[in-house]
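Presented below is the structure to which this report refers.
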């Protein structure tokens with residue numbers, strides 16, 4: 416059985432036991448969270464939500480909270496002595512899917 420969930424403005428296809436990185440969610444390492452925005456359930460019987468499947472939930476455990484690799488943002492205008500250098504590290508939450516309930 417698999418599910419398509421929406422979190423952080425993105426959609427993910429998950430199955431039980433999967434590990435995935437999503438936009439930062441509140442919680443500490445080891446906490447269990449419920450993701451209620453299930454857009455689709457698949458497997459033996461397919462259920463498509465409009466926009467979500469009623470009563471469907473995905474339970475996941477927080478494995479880690481962290482920061483992604485640094486991305487360098489560099490702006491420059493030639494011949495104008497304009498240079499701006501900036502760095503950004505996007506926070507993420509790593510999840511392990513425990514169960515999918517319909």
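Numbering (my numbering), first residue to last: 416 to 517.
No residue lacks a Cβ here, since even glycine has one placed at the ideal position from N, Cα and C.
Item, Value
"Which whole-angstrom value is the C-beta distance of residue 425 and residue 479, which I expect to be below 8 Å?", "Not confirmed; about 18 Å, so no contact."
"Expressed to the nearest angstrom, what Euclidean distance is found between the alpha-carbon atoms of residue 513 and residue 453?", "15 Å"
"If you scan the region 420-467 from start to end, which runs of the beta strand (DSSP E) of 3 or more residues do you find wholly inside it?", "425-430, 434-438, 447-450, 453-457"
"Is the beta carbon of residue 457 less than 7 Å from the beta carbon of residue 427?", "no"
"Out of 468, 446, 432, which has the shortest C-alpha to C-alpha gap to residue 368?", "Since the displayed the chain opens at 416 and closes at 517, residue 368 lies outside it and no answer follows."
"Residue 511 by DSSP, collapsed to three states: which one?", "strand"
"According to DSSP, residue 475 sits in a beta bridge with which residue or residues?", "448, 512"
"Using 8 Å as the threshold, is the region 469-476 in touch with the region 484-491, meaning 3 or more CB pairs across them?", "no"
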